[in-house]
Amino acid sequence: GAVVSQHPSRVICKSGTSVKIECRSLDFQATTMFWYRQFPKKSLMLMATSNEGSKATYEQGVEKDKFLINHASLTLSTLTVTSAHPEDSSFYICSAKGLADLAKNIQYFGAGTRLSVL
Amino acid sequence: AQTVTQSQPEMSVQEAETVTLSCTYDTSENNYYLFWYKQPPSRQMILVIRQEAYKQQNATENRFSVNFQKAAKSFSLKISDSQLGDTAMYFCAFRISGGYQKVTFGTGTKLQVIP
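Going line by line, the protein sequences match chains E and U.
Note that the working numbering has the first sequence beginning at 1, numbered continuously upward.
Note that the working numbering has the second sequence beginning at 1, numbered continuously upward.
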């Protein structure tokens with residue numbers, strides 16, 4: 001199946017700093033990437049949808065200035081958590097969807113990033 | 001708006017036995033996809049099985065099969081011959097077909113396979 005690589009898997013940062021998380025599709029072109037947040041023992045909450053070359057579409061209640069998403073190429077999307085605070089600590093997961101038959105209509109997920117803000 | 005409901009927060013099954021996880025959804029759409037995803041302790045989300053709403057035949061993937069009841073808006077997952085590696089959170093998910101429609105996830109069922 002299609003592979004999505006997410007990096008880093010774990011990051012610890014100080015309050016007030018910014019953290020960048022990368023999501024790469026390794027063997028297919030991802031026209032659309034999704035960023036989710038998962039709280040402990042909870043379901044995935046969609047934060048935003050990004051299409052290559054255009055601005056991300058944020059879900060209601062998600063601060064676009066705090067969670068900056070860039071999808072500059074067909075294989076890479078980044079999520080930057082700006083001025084991180086302890087309440088931003090969470091598990092962040094990306095997924096990707098491509099045009100190729102293999103990935104059509106199916107989202108492939110990265111392994112997630114655990115962010116801990118001290 | 002679409003909603004996905006998983007009414008079983010936790011379940012357990014003896015190794016080699018069969019278990020069924022329930023999922024119901026609500027939508028006014030006619031064309032959509034349904035999915036079951038598995039999230040093991042590693043947290044990597046893995047697609048287990050998918051079903052197109054226009055297909056009457058239930059999807060099957062090896063030991064995993066679904067019972068798709070479109071009129072009842074029910075989409076249960078049956079795991080046969082349960083294995084220890086099946087221990088995970090299982091999420092039912094829904095997506096309208098076409099475009100870049102987002103996926104809506106249920107709250108998950110934690111499945112424990114007991115040796």
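We put the CB at the ideal spot given by N, CA and C, even for glycine.
- Query: Is E/E87 helix, strand or coil by DSSP?
  - Reply: Of the three classes helix, strand and coil, the one that applies to E/E87 here is helix, per DSSP.
- Length of the line joining the Cα atoms of E/S83 and E/G16: For the pair E/S83 and E/G16, the Cα-to-Cα distance works out to about 4 Å.
- Message: Alpha carbons only, please: which of U/M45, U/S22, U/E29, U/V103 is nearest the one belonging to E/Q6?
- Response: Per the Cα distances, U/M45.
- Message: Quick check: what's the CA-CA separation for U/S97 versus U/Q83?
- Response: Rounded to whole angstroms, U/S97 to U/Q83 spans 33 Å at the Cα level.
- Task: Take E/V11 as the anchor and find which of E/I106, E/K55, E/D88 has the nearest alpha-carbon.
- Result: The option with the nearest alpha carbon to E/V11 is E/D88.
- Message: Please list, in chain order, the residues of the segment 77 to 110 of chain E that have any C-beta partner in chain U closer than 9 Å.
- Response: Shown in chain order are the members of the segment 77 to 110 of chain E whose Cβ falls below 9 Å from a Cβ of chain U: F91, I93, S95, K97, N105, I106, Q107, Y108, F109, G110.
- Roughly how many angstroms lie between the CA atoms of U/K78 and E/N70, to the nearest whole one? The C-alpha of U/K78 lies about 39 Å from the C-alpha of E/N70.
- Item | Cβ-Cβ distance between U/E17 and U/Y33 below 8 Å | Taking 8 Å as the Cβ cut-off, U/E17 and U/Y33 do not qualify as a contacting pair.
- Query: Under a three-way DSSP split, which group does U/D26 fall into?
  - Reply: In the structure shown, U/D26 sits in a strand (DSSP, three-state: E or B).
- Item | Cβ of E/T49 within 8 Å of any chain U Cβ | Closer than 8 Å: yes.
- Task: For the segment 35 to 111 of chain U, list the beta strand (DSSP E) runs that are entirely contained and at least 3 residues long, ordered along the chain.
- Result: Complete beta strand (DSSP E) runs here, min 3: 46 to 52, 64 to 69, 74 to 79, 88 to 96, 103 to 105.
- Query: Whose C-beta lies closer than 7 Å to the C-beta of E/L46 among residues of the same chain, with five residues either side of it excluded?
  - Reply: F34, Y36, E59, listed in sequence order.
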